[in-house]
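Scroll down for the structure; my scribbles are underneath it.
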Amino acid sequence: DANAENLTEKEILDKVKNFLPKMICLIVYGQNVNAGTTNMSGAINISEYLKKNIDIPISIIGSHVQALPIDTLKKEKSIDFVFTNEGVYALRNILKINDFSSKNLSKIKGIAYRDKDKIIMNEPESIVPNEKMDIDLPGYAWDLLPYKKKPLDLYRAPMWHAEYDFEKRTPYASLQTSLGCQFGCNFCMINILNRNDKDEVGVASNYSKMRFWSTDFIIKEFDKLIEMGVRTIRIVDEMFLLNPKYYIPLCEKLAERNKDDSLRIWSYSRIDTVKRPEILKLVRRAGIKWLALGIESGDKSVRLEVDKGKFEDVDVTKVIQKVHDADINVMANYIYGLPGDTKETVQKTFDLSLELCTAGWNTYGAMALPGSFLYKKALDDGVKLPSSYEGYSFHSYDTLPLPTEKLSAKEVITLRDEAFDKYHNHKPFLSLITKKFGAKAAENIVEMTKIKLKRKIKGD
């Protein structure tokens with residue numbers, strides 16, 4: 001793991017030479033929805049270095065190339081071919097061919113490749129069906145991941161997940177119990193891995209589909225982590241608490257393993273799918289001590305527009321109170337600069353966040369992420385988009401969120417950055433943190449806010 005081990009380009013090259021692989025496949029995803037694009041920066045840096053120093057075909061699997069396979073190959077000459085969806089079956093098939101000639105590549109479904117000066121996108125390959133998830137996607141090789149003193153100690157949880165305590169950040173692991181999502185929100189691109197067409201620009205909301213591993217399969221993965229001494233765990237699924245058929249049996253089994261309440265798990269849910277107190281009690285017994293809830297906006301009209309009417313109208317305050325009553329912390333997620341947003345609606349969203357006073361607060365500027373409907377619309381409308389991979393990072397110097405009819409991109413990011421400082425220095429919030437996690441946790445938060453993000457768009 002080059003990131004975890006902080007390997008140099010030369011060290012990566014030496015490892016590749018030792019393996020003498022048939023091909024190199026860079027897996028370019030990430031833990032956040034934008035990471036598949038922002039991580040392309042590092043992936044391209046290393047692919048260019050490798051291409052100069054070793055003659056081995058280089059490919060990429062990841063959300064950015066799934067969204068923009070043709071564009072990627074046009075721009076990045078160090079990449080020989082890309083996978084146009086999750087790539088499980090395409091990768092198996094490509095490893096069966098004797099050489100990577102254009103003739104052989106033309107027979108592989110689910111890839112786009114370069115044939116001299118031409119970019120060719122083949123017919124799509126199927127994704128793993130739900131009934132074969134346990135078989136064809138058979139888990140994680142936790143034992144092969146690098147570590148310093150104990151398994152998974154090179155991996156760190158977000159500060160809030162660790163209760164704002166540096167010592168609790170590691171060892172850490174994240175896993176998925178499902179892939180994809182049944183919804184098609186305009187700002188999201190997670191369904192791009194389900195892609196099944198040859199459009200030049202993929203739009204994730206066209207491929208809404210959710211697939212699940214079995215409960216028995218997933219609990220075995222948790223058992224491996226627990227045996228390794230890992231207690232701080234993230235369930236990556238964007239919609240973990242959506243389908244009771246899958247999450248209730250898993251939570252019941254986790255509860256059996258959490259008699260001492262040592263598990264520190266966080267998972268995602270939509271604000272309109274956590275309403276039943278009895279379910280929340282089970283979730284808490286399972287060791288899920290944090291729920292990341294997508295509130296998005298404090299303005300109903302903005303929220304419903306971006307979710308295309310699939311967001312059930314709920315009393316957000318009552319839902320959050322139910323979660324808190326179940327002794328579960330909330331990481332509240334908001335987005336500034338959604339279609340229809342104005343200074344007034346953004347202020348309304350911030351005021352709601354102060355009222356809810358959750359132990360976790362996260363807001364980012366609406367971004368036209370490659371693979372999302374917002375990206376395709378921005379392209380069609382001629383809206384200025386980031387000129388670099390880093391520009392799609394929510395926290396980078398080059399970040400460039402979407403403007404709205406009433407707000408410029410500069411105003412959106414300025415409002416976001418100001419709100420971050422205000423919330424994390426809000427006295428009721430700091431009092432809550434002190435009560436829950438201790439004075440040191442509150443001090444860590446205040447120190448964090450002293451680090452100001454520089455933004456090119458603001459003239460920094």
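Anchor point for the sequence shown: position 420 equals 420 in our numbering, and the numbering is continuous, going up by one each time.
Using N, Cα and C, we set each Cβ at its ideal position, and we do this for glycine too.
The model shown is predicted, which means the values in this text are computed figures rather than measured ones.
Item: Report the CB separation of K198 from E123 in whole angstroms; it is logged as a contact under 8 Å.; Value: 7 Å
Item: According to DSSP, simplified to helix, strand and coil, what is V128?; Value: coil
Item: Exposed or buried, which one is G459 when buried takes at least 16 other CB atoms within 10 Å?; Value: exposed
Item: Name, in chain order, the residues that DSSP records as bridge partners for V383.; Value: DSSP output for V383 lists no bridge partner at all.
Item: Report buried or exposed for P138, applying the criterion of at least 16 other Cβ atoms within 10 angstroms of its Cβ.; Value: exposed
Item: With H, G and I counted as helix, E and B as strand and the rest as coil, what does DSSP make of D134?; Value: helix
Item: Quick check on F429: buried or exposed, where buried means 16 or more other Cβ atoms within 10 Å of its Cβ?; Value: buried
Item: Which of the three DSSP states is assigned to W290 in this structure?; Value: strand
Item: In three-state terms, what does DSSP make of I235?; Value: strand
Item: Do D381 and E200 come within 9 Å of each other at the CB atom, strictly closer than that value?; Value: no
Item: Could you check what DSSP says for I218 in three-state terms: helix, strand or coil?; Value: helix
Item: Roughly how many angstroms separate the alpha carbons of G391 and L369, rounded to a whole number?; Value: 10 Å
Item: Please go through the same chain and pick out, in chain order, the residues whose beta-carbon is closer than 7 Å to the beta-carbon of E163, but skip the five residues on each side of it.; Value: F437, A441
Item: Considering only their Cβ atoms, is the gap separating K376 from D417 smaller than 9 Å?; Value: no
Item: Near P69, what residues of its chain come up, given a Cβ to Cβ distance below 7 Å and the 5 sequence neighbours on each side ignored?; Value: V82, T84, A112, M121
Item: Rounded to the nearest angstrom, what separates R114 and Q31 at their Cα positions?; Value: 29 Å
Item: Can you tell me the Cβ-Cβ gap for T461 and I413, rounded? I've got them flagged as a contact below 8 Å.; Value: The first residue shown for the chain is 1 and the last is 460, placing residue 461 beyond what the model contains.
Item: Out of Q176, V65, R169, E296, point me to the one whose CA is closest to M133's CA.; Value: Q176
Item: If we require 4 or more residues per run, which alpha helix (DSSP H) segments fall completely within the segment 384-448?; Value: 409-424, 427-437
Item: Would you tell me roughly how many angstroms separate the C-alpha atoms of A359 and L352, rounded to the nearest one?; Value: 14 Å
Item: Taking the straight line between their C-alpha atoms, what separation do you get for L254 and L374?; Value: 38 Å
Item: C25 and I46: beta carbons closer than 9 Å?; Value: no
Item: Use the C-beta contact count for Q182: other C-beta atoms within 10 angstroms, 16 or more gives buried, fewer gives exposed.; Value: exposed
Item: Output the distance between the C-alpha atoms of L91 and V346, rounded to the nearest integer angstrom.; Value: 44 Å
Item: Can you name the residues that DSSP bridges to I265?; Value: I233, I288
Item: If we call anything under 9 Å between Cβ atoms a contact, is I233 one with A173?; Value: yes
Item: Report buried or exposed for I454, applying the criterion of at least 16 other Cβ atoms within 10 angstroms of its Cβ.; Value: The sequence given here places Lys at residue 454; Ile does not occur at that position. By the neighbour-count rule (16 or more Cβ atoms within 10 Å), K454 is not buried but exposed.
Item: Identify whether A67 lies in helix, strand or coil by the three-state DSSP scheme.; Value: helix
Item: Does the separation of the CB atoms of V236 and L152 fall below 9 Å?; Value: no
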